[in-house]
Amino acid sequence: MLRNKSYKVLGILMALMLFAGCGAAAEDTAEPELLLGFSQIGSESAWRIGNTRDIESAAEEHGVSLMFENANQSQANQIDAIRRFIAYKVDVIAFSPIVEDGWDNVLMEAREAGIPVILVDRDIKTEIDGLTTCLIGADFYNEGVMAAEYLIRKADELGLESVNIVEITGTENSTPMRQRQAGFADTIAGDERMHILESIDGDFLKSRGAECMRYLLDTYGDEIDVVYSHNDEMTLGALPEIENSDLVPGQDIIIISIDAGQEAIDVLKEGRINCVVECTPNLGDELMETALRLKNGEQVEAVIHPVEQVFSDEMDVDSIGPRGY
Ligand code: GZL
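Structure representation (structure tokens):
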């Protein structure tokens, strides 16, 4: 009797395993819940590389099938990628526009194809309503405000009566460049101590940051009290140029940067820069959750800003943990 019973149990167990296996197999071949086309600007900075990494891992975690294209800093490549996504009939298109202008035609094609578009990181300028459904990205204006508010506190602490500033900006006509510049300028506008000697386009690139700093040092020399740099890459490019001019960054010149990647936090801890405003690259989860809501016909918020903080020599910098980008 025992033997018969064990055969029956064995048969039931094998049937259950077979069913589970089929289920798993069926699950593996199930259509992905969402096919998302994403056009990334390029790989110009640690921030951008961190943003890409975060989007790819979020797609995996959310079971989203991701068509990812790197535009290598070219708007034309981004427009081509969006047209490929339309031809491929993806469910949702997302992209980080390298500059704000020149998107109307391709986004009208996406709208005619019935494919919703999410802006990631940066915004566009358009006179046509309804070309995009949502912007997921930092409040760059506020980043500029936080940078200027730090400088005003620093000038008060040092008792400075006049503050000469040089500004190394990000890519001209990009949202972070326009808004970081405006937020900073509007905040110092009422402070008669503050003078911007010159703003120069560093294109968010380390090499350009070095070139800009070399030009500014040749032009203004030790008149410079502050460098306001729109991202860490350009800041890290500028530092050796300052040191080669026998000036001590963080002491002879106040250095303010934006992004707060690991390298910038490391030089903040060394005292070579004074303030880094955070701009988180970790937008992947919001992107996937928003895209899934759109696929399911749900309403989404028009703008989603992550919460960001300021790291500076006003705090215990050794307490700042790993940044992950
Ligand atoms: C900001 C992002 C900027 C970063 C730069 O959200 O658009 O582009 O600040 C990056 O590092 O190149």
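Throughout, this note's numbering is defined as the position within the sequence shown, counted from one, plus 887.
Backbone N, C-alpha and C define an ideal beta-carbon position, used for all residues, glycine too.
Any non-hydrogen atom of the ligand GZL within 7 Å of residue i CB
{"i": "S944", "result": "no"}
{"i": "E1195", "result": "no"}
{"i": "W934", "result": "yes"}
{"i": "G1120", "result": "A small correction: the amino acid at residue 1120 is Glu; Gly does not occupy that position in the sequence shown. At least one heavy atom of the ligand GZL is nearer than 7 Å to the Cβ of E1120, so yes."}
{"i": "P1063", "result": "yes"}
{"i": "D941", "result": "no"}
{"i": "C1021", "result": "no"}
{"i": "D1025", "result": "It should be noted that the sequence gives Ala, not Asp, for residue 1025. Result yes, Cβ under 7 Å from the ligand GZL."}
{"i": "E931", "result": "yes"}
{"i": "R1009", "result": "yes"}
{"i": "I1145", "result": "yes"}
{"i": "C1166", "result": "yes"}
{"i": "G1057", "result": "yes"}
{"i": "F972", "result": "no"}
{"i": "F925", "result": "no"}
{"i": "F1198", "result": "no"}
Exposure label - residue i; buried when at least 16 CB within 10 Å
{"i": "Q1196", "result": "exposed"}
{"i": "M1175", "result": "buried"}
{"i": "E1173", "result": "buried"}
{"i": "I1015", "result": "exposed"}
{"i": "Q927", "result": "buried"}
{"i": "K1093", "result": "buried"}
{"i": "Y975", "result": "exposed"}
{"i": "P1063", "result": "buried"}
{"i": "E914", "result": "Only weak support is given to the placement of E914: the predicted model assigns it a pLDDT of 47, under 50, and the value that follows is read from those uncertain coordinates. Exposed: under 16 other Cβ atoms inside 10 Å."}
{"i": "P1127", "result": "exposed"}
{"i": "G1070", "result": "buried"}
{"i": "E947", "result": "exposed"}
Inter-residue CB distance, residue i and residue j (contact presumed, cutoff 8 Å)
{"i": "Q1066", "j": "E1054", "result": "Rounded, the Cβ-Cβ distance is 13 Å, inconsistent with contact."}
{"i": "G1077", "j": "G1057", "result": "Going by Cβ atoms, the distance from G1077 to G1057 rounds to 25 Å, so no, they are not a contact pair."}
{"i": "I1075", "j": "I1111", "result": "Wrong, their Cβ atoms sit about 16 Å apart, outside the cutoff."}
{"i": "N1161", "j": "G1124", "result": "Rounded, the Cβ-Cβ distance is 17 Å, inconsistent with contact."}
Taking only runs that begin and end inside the region 1146-1185, name each unbroken alpha helix (DSSP H) of 4 or more residues, in chain order.
1149-1156 and 1171-1182
Ranges of the beta strand (DSSP E) found wholly within the region 936-1021, counting only runs of at least 3
951-957, 979-982 and 1004-1007
With a floor of 3 residues, list each beta strand (DSSP E) that falls wholly inside the region 1094-1130, ordered by position along the chain.
1113-1116
Beta strand (DSSP E) runs wholly inside the region 1028-1098, at least 3 long, in chain order
If we require 3 residues or more, the beta strand (DSSP E) runs fully inside the region 1028-1098 come out as 1050-1056 and 1081-1088.
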